[in-house]
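Numbering (our numbering), first residue to last: 92 to 168.
We treat Cβ as the ideally placed atom computed from N, Cα and C, and that holds for glycine.
Since we're looking at a predicted model, the values are computed, not measured.
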Ligand SMILES: [Zn+2]
């Protein structure tokens, strides 16, 4: 998947990734409904939900703690 930022703002193009015509370039944009993808070549459109909700994925509560082998000096006698 190739993602190219076109305007640095919200417009993104995925080259030749249209699920309908297979060769069309998909552009991603949003209107008052939210995000959608649109094929420039054939006019295929599809709503995007995941893009709008990305950024809220890191809410899982398991913190990873690094395990340090040299922690605690109770090994010496
Ligand atoms: Zn297409």
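Taking 7 Å as the cut-off, one finds no heavy atom of ligand 1 near enough to the beta carbon of residue 127. By the Cβ neighbour-count rule, residue 131 is exposed, with fewer than 16 other Cβ atoms within 10 Å of its own. Looking only at 128, 134 and 133, the smallest Cα-Cα distance to residue 103 is reached by 128.
The set of residues with a C-beta under 5 Å from any non-hydrogen atom of ligand 1 comprises 109, 111, 112, 115, 130, 132, 133 and 135, given in chain order.
Assigned with DSSP and collapsed to three states, residue 139 falls in strand. For residue 119, the CB contacts under 6 Å within the same chain, skipping 5 residues up- and downstream, are 103 and 128 in chain order.
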